[in-house]
Each structure stands twice: as structure tokens, then as C-alpha cells.
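Counting in the working numbering, the sequence shown runs from 151 upward without gaps.
Ideal Cβ placement from N, Cα and C applies to all residues, glycine included.
Because the structure is a prediction, the values reported are computed rather than measured.
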Amino acid sequence: MKWIRFVAPGVLVVGLVLGLWAFWLEPASLTTREYRLSIPHWDSRLSGLRIAVLADLHVGSPYNGLPKLARVVEATNASRPDLILITGDLVIQEVAGGKFVSPEASAQVLKGLHAPLGVFVVLGNHDWWLDPHRVSAALEHVGINDLEDDAARIRRGDAAFWLVGISDLLAGPHNFSAAMSRVTDDAPIVLFTHNPDLFPRITGRFSLMITGHTHGGQVDLPLVGRLVVPSRYGQRFAIGHIVENQRHLFVSSGIGTSIFPVRFRVPPEVTLLVLYEESIQENNQPN
Numbered sequence: 151m152k153w154i155r156f157v158a159p160g161v162l163v164v165g166l167v168l169g170l171w172a173f174w175l176e177p178a179s180l181t182t183r184e185y186r187l188s189i190p191h192w193d194s195r196l197s198g199l200r201i202a203v204l205a206d207l208h209v210g211s212p213y214n215g216l217p218k219l220a221r222v223v224e225a226t227n228a229s230r231p232d233l234i235l236i237t238g239d240l241v242i243q244e245v246a247g248g249k250f251v252s253p254e255a256s257a258q259v260l261k262g263l264h265a266p267l268g269v270f271v272v273l274g275n276h277d278w279w280l281d282p283h284r285v286s287a288a289l290e291h292v293g294i295n296d297l298e299d300d301a302a303r304i305r306r307g308d309a310a311f312w313l314v315g316i317s318d319l320l321a322g323p324h325n326f327s328a329a330m331s332r333v334t335d336d337a338p339i340v341l342f343t344h345n346p347d348l349f350p351r352i353t354g355r356f357s358l359m360i361t362g363h364t365h366g367g368q369v370d371l372p373l374v375g376r377l378v379v380p381s382r383y384g385q386r387f388a389i390g391h392i393v394e395n396q397r398h399l400f401v402s403s404g405i406g407t408s409i410f411p412v413r414f415r416v417p418p419e420v421t422l423l424v425l426y427e428e429s430i431q432e433n434n435q436p437n
């Protein structure tokens, strides 16, 4: 059993390094990641449209206080987005080691976000559990547009598209019909909501749905996968670009943490989506 004396210290060191990585280094980090998506029914005049997505900010979770939020704002602006979407969960409830930060305080930092086509938000389940009217009012006060079950026609140059916001699946009315009733022409449609589990329930035409909520599982273990994905569909809508029956969904891994302040191989990110028209060849590819 002499080998134990040599192996045990190595195991302890590896465990310590992985623990520091998962409980400190990665949750405290921040990256900007760009994804180029070819999507259906998109106007070629809108090709190259840049959408920054801020998902699951959870301000007040460990390593995600107001100074980190200021870094998020700076990184987002530096990515030169045409449009900024916040997909909900600005606040926290009962995160181990966390400290509640008011939506009013967070909004004062988020008012630094700038994009020529605007900054829009839908609320997440944590925002609804706190007080949706309070969170919405705090953001609207600083010029961030709450698009709960509503739509806005957005023009860039000589082309336009519809941005449709749908309230949270778990805590909001998620009135898709009401939101779509605002769409009055055949311009392309981008949907955004908090929870990707809404994706299979949506019918009708749209080019892309953008969501958060899952945090990418927060922990992604080699050979095991994502340990906890808060979705009734398991890993199906956990993270990234998903295409099903020529319908497109993007799930951002987000920035903050929930329940446990841990991230492993799922770093916090400002997500930048650059949208292009889907080619005929891509449309003809088998599913």
C-alpha cells in the first residue's frame, strides 16, 4: 500500500485546484463569446445584426455584485451590439453565500448599457417571485424597455424586424398570442423569453428564439455531462444553438449562479449573436 502515500497527495492537490476553479475562479470570471447564426426568414439587409444577450445576471450571487455588473456593462458595450436583450433573473433568492441586491441598485449600473437599436428586457422567474412590477419599474426608469408579452418593430437602415418578448413560463402569463397580435406585417421575428421550455409550445413563424434560465447546467463534467439543468426536457435545451424542424433556439449560459455558487466548464459570458440569412443550401440540409 506504499503507493497510497504517493497518490493521495496528488489527489488532494487536484481536488483543491478543481475546487478553487469551480467555486472561485470560474464564477468570478467573465468572457464575451460571439456566435454567428444563419437563421431562416431573415432579411439579407439585416445580415450582420449584432445582438448582445445578458442572461441570468443574478446580481448578489457570490462574485456577482455591483462591481461585476459594471464589468458586464463595459464588456457588453465593448462588443458593439446593435441591440441588447436581458432575458431575466436580475435578482436572487437564497443563493448560498449570496447577498440580496435591490433591482433599483442594479438598474443604476445597467443604465450604462448602450445600443443604437435599444435595450430590452423580459423578466425571469426570480424577478416575478420578488415583485415583477418593482423590477420592471426599476429598469424602465433607466430607459430599459420591458417587453413582457409585447412586441416592438425595430428598423435598421431600410429594413425592419419584430422583437417579441414573452413573459416567464413558470411565473408569468407567457401570453404568446397577445405578444404576436402586435405583429402587423411580414417582417422577420426574433422572440426572446426567459425559459427555453417555451420553445416546443410556440407555433407560427419566427427566425430565432433567445432564452436563458438554464445557466448551461453550471457544471459540465467530462463523460458525465451537465449535472443539473432546470428544464423538463433535461439536456435538450441546456445551452447554445439548437435547431429542431428548421426552428432555431439559442440558450445563453448566462452570468450569475443560483442555489450553489459554482461553475465548472460553463464560464459566465456576455453572449453576442451575429445574425445572417440562412442560405438555400442550409435550408436543404436534412434535420
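Simplified DSSP state of residue i, which is helix, strand or coil
i    : result
W279 : helix
T407 : coil
P417 : coil
R195 : helix
R332 : coil
N227 : helix
D347 : helix
F270 : strand
A246 : coil
L297 : coil
A202 : strand
L263 : coil
G354 : coil
V292 : coil
L422 : strand
Identified DSSP bridge partners for residue i
i    : result
W312 : R303, I339
G390 : V401
E427 : I189
S211 : V209
T438 : Not covered by the structure: residue 438. The range shown for the chain is 151 to 437.
Residues of its chain near residue i, where Cβ-Cβ distance is below 8 Å and the 5 sequence neighbours each way are ignored
i    : result
L422 : T182, R183, E184, Y185, R200, I201, A202, V203, S229, P231
CA-to-CA distance, residue j to residue i, given in whole angstroms
i    : j    : result
D318 : T343 : 6 Å
V401 : P346 : 7 Å
P217 : S429 : 42 Å
T334 : N325 : 17 Å
G238 : L373 : 31 Å
P282 : R305 : 29 Å
Q385 : V393 : 14 Å
S286 : G268 : 16 Å
S381 : A288 : 28 Å
Neighbourhood of residue i by C-beta distance below 6 Å, restricted to the same chain and skipping five residues each side
i    : result
R415 : D370
G404 : A205, D206, G362, H365
H398 : I189, L358
R438 : The requested residue 438 is not part of the displayed model; the chain covers only 151 to 437.
G406 : D206, L207, H208, S211, N214
Inter-residue CB distance, residue i and residue j (contact presumed, cutoff 8 Å)
i    : j    : result
P253 : L235 : Actually they are not in contact, since the Cβ atoms of P253 and L235 sit about 17 Å apart, beyond 8 Å.
G274 : E298 : Rounded, the Cβ-Cβ distance is 11 Å, inconsistent with contact.
R303 : A309 : Going by Cβ atoms, the distance from R303 to A309 rounds to 11 Å, so no, they are not a contact pair.
L219 : F270 : Not a contact, Cβ separation roughly 18 Å.
Sequence-distant residues of the same chain with beta carbon closer than 7 Å to residue i, five excluded per side
i    : result
V223 : V259, L260, G262, L263
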